[in-house]
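In our numbering, the protein residues as written are 138 to 437.
C-beta: ideal position from N, C-alpha, C; glycine also.
Since the model is a prediction, treat every value here as computed from it, not as a measurement.
Below is one structure, written out as structure tokens; the observations come after it.
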């Protein structure tokens, strides 16, 4: 058995244009995130909790994009419209692991930034490497468990009729629409995942960001505000793009009912957001720029 990925229903000329655009974005995603990962590993000045989690975010972005985009590019060339049952299950599994991991990573990074600005003494005592490694390990393990459960439940459903997925990948909501029967267990698990990996992290991000903002406004002068916001504004930008897409796709009114909207939002998840993250985090980051200059000098 296999699924048919309908992908983008468009003319051959438009498909070739989309292939070129998506290939460029995918290349930018791989090179940008790989460069961030390399800089953090090589430069001792970037060996801090914030950059440790940013390193994991780069890994998640590379893996997330690589899970969906290559098959989508083959589809645009007319060569990859079908995917095996096992391949679809693997795609759902990996999609959930990397998406859930990124949700919590963004919350961890917000809290680390809050601790560094608002509680600097406690930050130095609490955020030790052993704790960072433990948090990262637990996060990846939980994402793996939830992803495995959701993928297993989805693939044990009976599918009837032509298994045509109105999407460019085996996205979980698009696959569940093909089930012949209701899927209460899947819906309950999706709700639990949204609460654990979306609502709780988002609440932590909002609380941490508001406390950080209040501290900066209370302590800094006007020039200090500008400097702080210019350097620390990268993370809220990434959070806004990522969680904004998630709200429209999974939580907002009519979520899961519009296949066209799902495709556009999935493109943001798979290509646009991962390709922009390295640019956003390094654009006004003095430490990252200095690390890049050091790397260039080494090559000379």
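Cβ neighbours of residue i in the same chain (closer than 6 Å, five flanking residues each side left out)
i: residue 200; result: 235
i: residue 231; result: 204
i: residue 322; result: 290
i: residue 398; result: none
i: residue 419; result: 425
i: residue 412; result: 162, 165 and 166
Strand pairing of residue i, partner residues [DSSP]
i: residue 142; result: 302
i: residue 296; result: 316
i: residue 220; result: 140
Residue i burial status per 10 Å Cβ neighbour count (16 or more: buried)
i: residue 257; result: exposed
i: residue 266; result: exposed
i: residue 174; result: buried
i: residue 245; result: buried
i: residue 187; result: buried
i: residue 324; result: exposed
i: residue 426; result: exposed
i: residue 195; result: buried
i: residue 355; result: exposed
i: residue 299; result: exposed
i: residue 338; result: buried
i: residue 297; result: exposed
i: residue 328; result: exposed
i: residue 178; result: exposed
i: residue 342; result: buried
i: residue 275; result: exposed
i: residue 278; result: exposed
i: residue 272; result: buried
i: residue 340; result: exposed
i: residue 214; result: exposed
i: residue 250; result: buried
i: residue 202; result: buried
Proximal residues to residue i (C-beta, below 8 Å), its chain only, five neighbours per side dropped
i: residue 382; result: 402, 405, 406 and 410
i: residue 259; result: 252
i: residue 416; result: 169
i: residue 281; result: 234
i: residue 191; result: 173, 177, 246 and 418
For residue j and residue i, believed in contact at Cβ under 8 Å, the rounded distance
i: residue 305; j: residue 386; result: Between residue 386 and residue 305 the Cβ distance is about 14 Å, and since that is not below 8 Å, they are no contact.
i: residue 197; j: residue 238; result: 5 Å
i: residue 424; j: residue 183; result: 6 Å
i: residue 233; j: residue 169; result: Contact flag wrong, Cβ pair sits at about 24 Å.
i: residue 376; j: residue 247; result: 7 Å
i: residue 286; j: residue 242; result: With 8 Å as the limit, residue 286 and residue 242 do not qualify as a contact, their Cβ atoms being about 20 Å apart.
Cβ-based neighbour list, residue i, same chain, cut-off 7 Å, excluding 5 preceding and 5 following
i: residue 431; result: 180
i: residue 307; result: 140, 220, 225, 228 and 229
i: residue 255; result: 348, 349 and 352
i: residue 206; result: 159, 163, 407 and 408
i: residue 301; result: 141 and 143
i: residue 240; result: 334, 335 and 338
i: residue 288; result: 226, 229, 230 and 233
i: residue 346; result: 247 and 373
i: residue 428; result: 176, 180, 182 and 183
i: residue 320; result: 294 and 313
Proximity test, Cβ basis, 8 Å: residue i and chain C
i: residue 382; result: The question asks about chain C, but that chain is absent: this structure has only one protein chain.
**Request:** Decide yes or no for the touch test of the segment 219–229 against the segment 274–294: beta carbon pairs closer than 8 Å, at least 3 of them.
**Result:** Segments in contact, yes.
**Prompt:** Three or more beta-carbon pairs under 8 Å between the segment 330–340 and the segment 305–318, yes or no?
**Reply:** The way I'd put it, the segment 330–340 doesn't touch the segment 305–318; fewer than three beta-carbon pairs between them come closer than 8 Å.
**Asked** Three or more beta-carbon pairs under 8 Å between the segment 155–164 and the segment 216–223, yes or no?
**Response** At 8 Å Cβ cutoff, the stretches do not touch.
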